[in-house]
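The structure appears right after this line, and notes come after that.
Residue numbers (our numbering): 2 to 92.
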């Protein structure tokens with residue numbers, strides 16, 4: 002397989018991606034906690050607040066840099082963007 006170089010992306014790409022990674026980490030941890038503490042109102046409120054905070058960040062990232070997820074979880078511009086690199090896990 003050829004060694005393909007990654008296209009350069011601007012600083013905002015990394016800022017948004019880092020925000021998403023932090024929020025997603027917290028959401029996963031809260032989800033695991035809530036599996037065993039389903040009546041913890043403060044944790045549910047925190048989970049919902051982070052889920053809402055995530056929406057505009059994902060929207061901005063995808064509008065600027067392409068989809069984060071496939072199979073209908075993200076829109077694509079024309080031409081189809083999914084095969085374009087770098088993908089978030091490549092940076």
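Note that beta-carbon positions come from the ideal geometry of N, C-alpha and C, so glycine has one too.
Give me the residue from the options with the minimum Cα distance to residue i.
i	options	result
residue 46	16, 66 and 27	27
residue 57	11, 12 and 24	24
residue 55	10, 11 and 17	17
Please say whether residue j and residue i have beta carbons closer to each other than 8 Å?
i	j	result
residue 21	residue 62	yes
residue 69	residue 48	no
Helix, strand or coil for residue i? Go by DSSP, reduced to three states.
i	result
residue 36	helix
residue 69	coil
residue 29	helix
residue 59	helix
residue 16	helix
Please report the distance separating the alpha-carbon of residue i from that of residue j.
i	j	result
residue 29	residue 64	24 Å
residue 19	residue 33	21 Å
residue 13	residue 44	30 Å
residue 51	residue 10	26 Å
residue 60	residue 66	10 Å
residue 91	residue 15	12 Å
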